[in-house]
Amino acid sequence: MTQNLPEIPDTPVNVDVIAHSNFLVSTGATGTKFLTELRDNKKIMGIKCPSCGKIYVPPRLHCPTCFVRMSEWVDLSGKGTLSSYTIVRYQEPYMPKEPPFAYGVIQMDGADTGLAHMLGEVDLDKIKIGMRLEPVFKEEREGSILDIDYFKPSS
Amino acid sequence: MAERIAIVGVGQTHHKSKRPDVTTAELCAEAVERCLEDAGMQMKDIDHLVMGSFEVADGYYSPDKWIIPELGVVGKSGLEMQNVGTTGGVVAAASFNSAATGLFDAVLCLAWQKMDEAAGAFGRGGGGANEYWTGQFPMSPITNFARRTYAYMDRSGCTEEHIAIVRVKQDQCAMKNEYAQLRLGLTVEKVMQDVLLAWPIRRLHMCPTTAGAAACIVCPEEKAKKVTNKPVWVEDWLTCHQGGALTMAEDPTASTLRYACNVVYKRCGITNPLKEIQAWEVYEPASPAELRWIEEVGICEDYTAWKLFEQNKVGIDKEVPFNPSGGVTATNPIGATPVVRLVEAVLQVRGDAGEHQIQGKIERALATGYGGQGENVIMLLRKSL
Amino acid sequence: MAGRVGIVAVAQTKFEEKKLDKHVTELMYDVTRAVMGQTGLEFKEDGTGIDSTVAAAYDLLHGPSGPYMFLGYVVGAYKREDERVLEDGALAVYYGAMQILSGHCNTVLLVAYTKESLIDKNLYEWVGMDQIYQRRVGLDFVSAAGLQAMRYTTKYGITPEQCAKAVVKARKNAGNNPNAMCCDSLTVDDVLRSTMLCDPIRVLEAKPTPVDGACAMILASEEKAKEITDKPVWITGLGSCYDHHDLGWRDLADCEALATAAQRAYKMAGIKDPLKEFDVAEISEQYSYQELLWSEGLAFCGKGEGGKLIDSGKTEMGGELPINPSGGMLSGLPVCVAGMDRVAECVLQLRGEAGARQVAGAKKAVAHGVDGPAGQLQCVITLEN
Amino acid sequence: MSTEEKQEPEFIQFRYPRQVTYHHALGYQSKFANGLKQGRILATKCPVDGRCTIPPRIVCPFHHVRQTEWVDQGQRGRLISAFKINFPMFNSRTGELQNWENPIIAVELEGGARMDGWCAEMDPEKLKTGMLMEAVWRPEEERQGRADDILYWKPVEE
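Same order as they appear, the protein sequences are chains A, B, C and D.
Quick note: to get this note's numbering, add 4 to the position in the first sequence (first position is 1).
Quick note: to get this note's numbering, add 837 to the position in the second sequence (first position is 1).
Quick note: to get this note's numbering, add 2 to the position in the third sequence (first position is 1).
Quick note: to get this note's numbering, add 78 to the position in the fourth sequence (first position is 1).
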């Protein structure tokens, strides 16, 4: 019975294994507050560190440098300045828009950080770092960062 | 080199089945806050982090990146370790190694799992699958332990009722542990009537799905003595894995626990483990596993552990002080579970375990991590140097 | 630091687009047996062989159920110390060195393997973004790099030509490296004519993908290293550092984390003027702009001077500090393996065994690894012969 | 597996449904898969102690030697263990969640290797350790070199 079985080929075989998942994401009390404000009041909120005074958006529960709990919410106008952008020209199934479209980092007025989101209502060739932007909200909102449809140039 | 190291602070979350009120990162921060408070330290005192979770159940690639800012440790060094069920064990081992280099004053060891978010993570052939072959069978930790227990019962003469007694003992311990997730007030009858998942494993026999995190701070000798007056020394540690050497079909009883314990006992001069180690926190993912593990750590002869339960000799302040916290069948945030074991062992050594504290002097405690099909991490703690 | 850590053997596979005829264990086998052959070390239970294995691998990329646990036997994990770092391979070297510095191990086998051809790399990296905000808007590591590139080039006036030069240099250098995937004589114009991928990054300016391959090495304590080989390469400095995860929370044009990691390593190694003191650098640049930006972080030049540095020709072969004589990631290296392979390339250089890509008389080298979006986790390792 | 605790409704949660296909290159295991396509069960053999393993392994985990010899394991084997799962699990061929009616068994083949399989006998009570089992294959044109190329194992009279 022992042989090296030449009659069975060594031809490389490739097997596809399908893996499913359906992960649930908890946004937590802090995330919920931020997302609820987006949904119900079309408002972008920042959160302020009681120790260093910095205002963060999107919020977290703890200050990333002081490690103290943050609970003071700050109303932001939603307006901001573009600090960087990129134009996506490849397609992936997880993208919310058809390429080409632009992502930007928007330095929010009244906050110490920027928010990474999409840009819209703008000629892709005319995007400039430093341009002023304001959010455009979706008509139907569900409590997600995508309730902001995109940021557009403000006059 | 080889600094002696001690654990100067521990913290864990109250383990729950669901935590919609926090993100995974916030859950970790909760354990870290408690840990720092316990040690009387601040985040700025920490200079290195070792962290980890079972990434497959997290649905994340490298979740440390996202969690780091929540912990206020941007700008610090660190790394993420992972090895399925033993993740917490390798995280602890890595934090011990890092602290023992003497390069850092304080190393934070953190592990977490938020199982309420991991729907179907194990339906994908987790916990027992070579990625191509065994992954094609509908295997899970449940089926693994069904086989393991079947083999154990076959060889030992232990019955389903004995396994139910084990589960009841675990629950009795958990009832005294405020951090435990399942505190049910079980009886043998209740366990015997529970839903059968795969004979002889019932739902109550398997570890629950838990959202929880645990952390500890490890310091080299000099720093440890400055920080606290009750450091718990880490006498030895060992990761000992099976590495897919045997599938469940090949040997359903494969385990490296006995081998690993013997290596550690030899290095530390332990000849009578039951006498020399006064508290045990051993990772048993299913209640029948506790029987086999008691034998493998050297407490009794092979295939006789069920008799100890029959004679009511296992539990807090009993002859065999095994898993006073209630163990893994009460609480199982997978990746974090070995660190929970470590935290509980530290509390026992310090005498701070509260209601489930073992009375009498505890000089040594042993905690383990378990994963896959018989991978083990051993952590041996000591009260005095 | 008392005692040093020596690297006594390195091995790498040829890096190819799709190794469809090879299972991932074959890649692991090839490289680990090669380093074992070079040193004569084996896996032995009596303690005379290799003490420990540290792997660097991304489980989610290789299978749905924690596959490393079932592949570990290939690298001798059975009944031995076996841990896995869920980061870039450079972090595995970092941690492997700690296992030795802690006095816990004398010899450590390191292995990093990746088969990018298994799943879509972009999809996999998208899962590495925070799940509530950045992942939801569809950002992945490519678009994160696009944002960083745009910010960096705009802030400091870096020209597209300067970035393109990094690609031209990498591909030219790769011609001297028999293991490299892409080696051709591109011109700056060729690069600038290639399709735009994610402004300002063009297709040729991104790391080719998919790439399959593996890398292994053996670390040993000072005493042991001298026994094993007469050409050990010493690890003189180690540093790692985390940055913010949220792309809007840091200035993408300045890589603070890398600067901190580099300073940690340089302080340990006593390096004051890296451009002068190092003879060769191997860095992980997944995109052309990163060679310039990482050069700044590694203090080869001042902030914003990365463009000038590449214009000066100092980083070409034969220049003052050749960067990536091997071709680096732009010539095609798998993620995760890249960091360890950078260290391996430095070792070859310091041993004078780098063949056609040898930098004559190299004595000190620096290797760099990176993980996370837009270089969130950085690791720097300095080496000396 | 636990008793459900009451869930607070006011926290926002959402899901990421995802399907990932892993393209496994079997490499040295290809001969094993090609064997399945031909209706044959092969195993690798350790040159030191002659132990046969399924799935095939590139090195012997215990002796660390390269395993290059292939051994045909025959079509029959003895039952080692059997169990039935009473909850749905994913099928990796279809990617669907399904109930598994057939018990899952382990058999020790004539060649000495042990492997998993499904059993034709639905009643676990009728399965006895040591029973002789025989492989029942999918039609040749449906075989893909996968575990379920063997549809199930059926008990045979001795």
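Note that beta-carbon positions come from the ideal geometry of N, C-alpha and C, so glycine has one too.
(1) Which residue marks the beginning of the alpha helix (DSSP H) containing arginine 266 (chain C), and which one marks its end?
(2) In chain order, what residues of the same chain have a beta carbon less than 6 Å from the beta carbon of alanine 182 (chain C), not counting five sequence neighbours either side?
(3) With a threshold of 6 Å on Cβ separation, who are the neighbours of alanine 2 (chain C) within its own chain once the five nearest residues in sequence on each side are excluded?
(4) Determine the extent of the alpha helix (DSSP H) in which glycine 113 (chain D) is found, giving its start and end residues.
(5) Going along chain C in order, which residues have a C-beta closer than 7 Å to the C-beta of alanine 213 (chain D)?
(6) For histidine 121 (chain A), return the contacting residues in chain C, with the cut-off set at a CB-CB distance below 7 Å.
(7) Could you list the residues in the stretch 88–103 of chain D with a C-beta less than 8 Å from some C-beta on chain A, going in chain order?
(8) Nearest CA to the CA of aspartate 20 (chain A): which residue from D:His101, D:Pro95, D:Arg93?
(9) Starting from the C-beta of isoleucine 1114 (chain B), find all residues in its chain whose C-beta is less than 6 Å away, skip the five residues before and the five after it, and write them out in chain order.
(10) Under 8 Å between C-beta atoms, does proline 818 (chain B) make it to chain C?
(11) Which same chain residues, not among the five before or five after glycine 964 (chain B), have their C-beta less than 6 Å away from its C-beta?
(12) Within the continuous beta strand (DSSP E) that includes tryptophan 196 (chain D), where are the two ends?
(13) Taking the straight line between their C-alpha atoms, what separation do you get for threonine 384 (chain C) and glycine 374 (chain C)?
(14) For a contact defined as C-beta to C-beta under 7 Å, what are the partners of threonine 90 (chain A) on chain C?
(15) Taking the alpha-carbon positions, what's the glutamine 919 (chain B) to tyrosine 268 (chain C) distance?
(16) Does any residue of chain B have a CB that is nearer than 8 Å to the CB of methionine 71 (chain C)?
(17) Between leucine 1033 (chain B) and chain D, is any beta-carbon pair separated by less than 8 Å?
(18) Taking just the CA atoms, how far does tyrosine 31 (chain C) sit from lysine 233 (chain C)?
(19) DSSP on aspartate 1139 (chain B), reduced to helix/strand/coil?
(20) Is there a Cβ from chain B that is less than 8 Å from the Cβ of glutamine 101 (chain C)?
(21) Taking the DSSP output, what are the residues bridged to leucine 323 (chain C)?
(22) Should methionine 200 (chain D) be labelled buried (16 or more other beta-carbon atoms within 10 Å of its own) or exposed?
(23) Hey, would you say valine 1064 (chain B) sits closer than 8 Å to glycine 877 (chain B), going by beta carbons?
(24) Using the rule of at least 16 other Cβ atoms within 10 Å of the residue's Cβ for burial, across every protein chain shown, is glutamate 1087 (chain B) buried or exposed?
(25) Go ahead and pull the three-state DSSP assignment for aspartate 32 (chain C).
(26) To the nearest angstrom, report how far apart arginine 871 (chain B) and cysteine 56 (chain A) are at their CA atoms.
(27) Please confirm if the stretch 1050–1064 of chain B is in contact with the stretch 1004–1015 of chain B, defined as three or more CB-CB distances below 8 Å between the two stretches.
(28) Let me check one thing: in DSSP terms, what residues is methionine 990 (chain B) bridge-paired to?
(29) Nearest-angstrom Cα distance between asparagine 179 (chain C) and aspartate 313 (chain C)?
(30) Within the 8 Å Cβ cut-off, does tryptophan 148 (chain D) reach chain A?
(31) Along the chain, where does the alpha helix (DSSP H) containing glycine 65 (chain C) start, and where does it finish?
(32) Within 10 angstroms of the Cβ of valine 143 (chain D), are there 16 or more other Cβ atoms? Answer buried if so, exposed if not.
(33) Here's the rule: buried if 16 or more other CB atoms are within 10 angstroms of the residue's CB, otherwise exposed. What is cysteine 124 (chain D)?
(34) Quick one: give me the first and last residue of the beta strand (DSSP E) that glutamate 386 (chain C) is part of.
(35) In chain order, which continuous runs of the beta strand (DSSP E) of length 3 or greater are located wholly inside the stretch 840–913 of chain B?
(36) Tell me the DSSP secondary structure of aspartate 186 (chain C) in three-state form.
On the basis of the supplied data:
(1) Indexing the third sequence from 1 puts residue 266 (chain C) at position 264. It spans 258–271 - the alpha helix (DSSP H) in which arginine 266 (chain C) sits, taken as one unbroken run.
(2) As a working mapping, residue 182 (chain C) is identified with position 180 in the third sequence. For alanine 182 (chain C), where only same-chain residues beyond five positions count, the Cβ hits under 6 Å are Ala176, Gly329, Ser333.
(3) Outside the displayed range of chain C (3 to 387) lies residue 2 (chain C), so it cannot be described from this structure.
(4) Here residue 113 (chain D) refers to the residue found at position 35 when the fourth sequence is read from its first residue. Start and end: 108–115.
(5) Position 135 of the fourth sequence holds residue 213 (chain D). The contacting residues do not exist; alanine 213 (chain D) stays about 24 Å from chain C at best.
(6) Here residue 121 (chain A) refers to the residue found at position 117 when the first sequence is read from its first residue. Going along chain C in sequence order, the residues near histidine 121 (chain A) (Cβ under 7 Å) are Val139.
(7) Glu88, Phe89, Ile90, Gln91, Phe92, Arg93, Tyr94, Pro95, Arg96, Gln97, Val98, Thr99, Tyr100, His101, His102, Ala103
(8) Reading the first sequence from its first residue, position 16 is the one you call residue 20 (chain A). Residue D:His101 is the option with its Cα nearest to aspartate 20 (chain A).
(9) The count along the second sequence starts at 1 and reaches residue 1114 (chain B) at position 277. The answer, listed in chain order, is Arg1201, Leu1203.
(10) Outside the modelled stretch of chain B, which goes from 838 to 1222, sits residue 818 (chain B), for which no answer is possible.
(11) Here residue 964 (chain B) refers to the residue found at position 127 when the second sequence is read from its first residue. No answer about glycine 964 (chain B) holds up, because its pLDDT of 38 lies below 50 and its placement is not dependable.
(12) As a position in the fourth sequence, residue 196 (chain D) is number 118, starting the count at 1. Element bounds for tryptophan 196 (chain D): 192–196.
(13) The residue labelled residue 384 (chain C) in the question sits at position 382 within the third sequence. The residue labelled residue 374 (chain C) in the question sits at position 372 within the third sequence. Cα to Cα, the separation comes out at about 21 Å.
(14) Your numbering for residue 90 (chain A) matches position 86 in the first sequence. By Cβ distance, chain C contributes Ser145, Gly148, Leu149, Met152, Cys200, Asp201.
(15) Residue numbering aside, residue 919 (chain B) sits at position 82 when the second sequence is read from its first letter. Residue numbering aside, residue 268 (chain C) sits at position 266 when the third sequence is read from its first letter. Rounded to the nearest angstrom, the two C-alpha atoms are 29 Å apart.
(16) Position 69 of the third sequence, counted from the start, is the residue given in the question as residue 71 (chain C). Closer than 8 Å: yes.
(17) Numbered from its first residue, the second sequence carries residue 1033 (chain B) at position 196. So, interface residue.
(18) Taking the third sequence and counting its residues from 1, one reaches residue 233 (chain C) at position 231. Taking the third sequence and counting its residues from 1, one reaches residue 31 (chain C) at position 29. Answer to the nearest angstrom: the Cα atoms are 24 Å apart.
(19) Here residue 1139 (chain B) corresponds to residue number 302 of the second sequence, with the count starting at 1. Three-state DSSP puts aspartate 1139 (chain B) in coil, outside helix and strand.
(20) Against the third sequence, residue 101 (chain C) aligns to sequence position 99. Judged by the 8 Å Cβ criterion, glutamine 101 (chain C) is in contact with chain B.
(21) In the third sequence, the residue the question calls residue 323 (chain C) occupies position 321. Note: leucine 323 (chain C) sits in no beta bridge, so no partner.
(22) What you label residue 200 (chain D) is simply residue 122 of the fourth sequence in a count that begins at 1. Exposed is the call here.
(23) Sequence index remark: in the second sequence, residue 1064 (chain B) carries index 227 (1-based). Sequence index remark: in the second sequence, residue 877 (chain B) carries index 40 (1-based). Their beta carbons are under 8 Å apart, which means valine 1064 (chain B) touches glycine 877 (chain B) by this criterion.
(24) Here the question's residue 1087 (chain B) lines up with position 250 in the second sequence. Glutamate 1087 (chain B) is buried by the Cβ-count criterion.
(25) Numbered from its first residue, the third sequence carries residue 32 (chain C) at position 30. Reduced to three states, the DSSP call for aspartate 32 (chain C) is helix.
(26) Position 34 of the second sequence holds residue 871 (chain B). Position 52 of the first sequence holds residue 56 (chain A). Approximately 22 Å, taken between the alpha carbons.
(27) no
(28) As a working note, residue 990 (chain B) is residue 153 in the second sequence. Partner(s): none; methionine 990 (chain B) has no beta bridge.
(29) By one-based count along the third sequence, residue 179 (chain C) stands at place 177. By one-based count along the third sequence, residue 313 (chain C) stands at place 311. Distance between the alpha carbons of asparagine 179 (chain C) and aspartate 313 (chain C): 23 Å.
(30) On the fourth sequence, position 70 is the one that residue 148 (chain D) refers to. True, the Cβ-Cβ gap to chain A drops below 8 Å.
(31) As a working mapping, residue 65 (chain C) is identified with position 63 in the third sequence. No alpha helix (DSSP H) contains glycine 65 (chain C), which DSSP labels as neither H nor E.
(32) Within the fourth sequence, numbered from 1, the residue matching residue 143 (chain D) stands at position 65. Valine 143 (chain D) should be labelled exposed.
(33) Residue mapping note: residue 124 (chain D) aligns to position 46 of the fourth sequence, counting from 1. Buried.
(34) Numbered from 1 along the third sequence, position 384 holds the residue referred to as residue 386 (chain C). Run containing glutamate 386 (chain C): 379–386, per the beta strand (DSSP E) assignment.
(35) 842–849, 885–889
(36) Position 184 of the third sequence, counted from the start, is the residue given in the question as residue 186 (chain C). In this structure, aspartate 186 (chain C) counts as coil in the three-state DSSP scheme.
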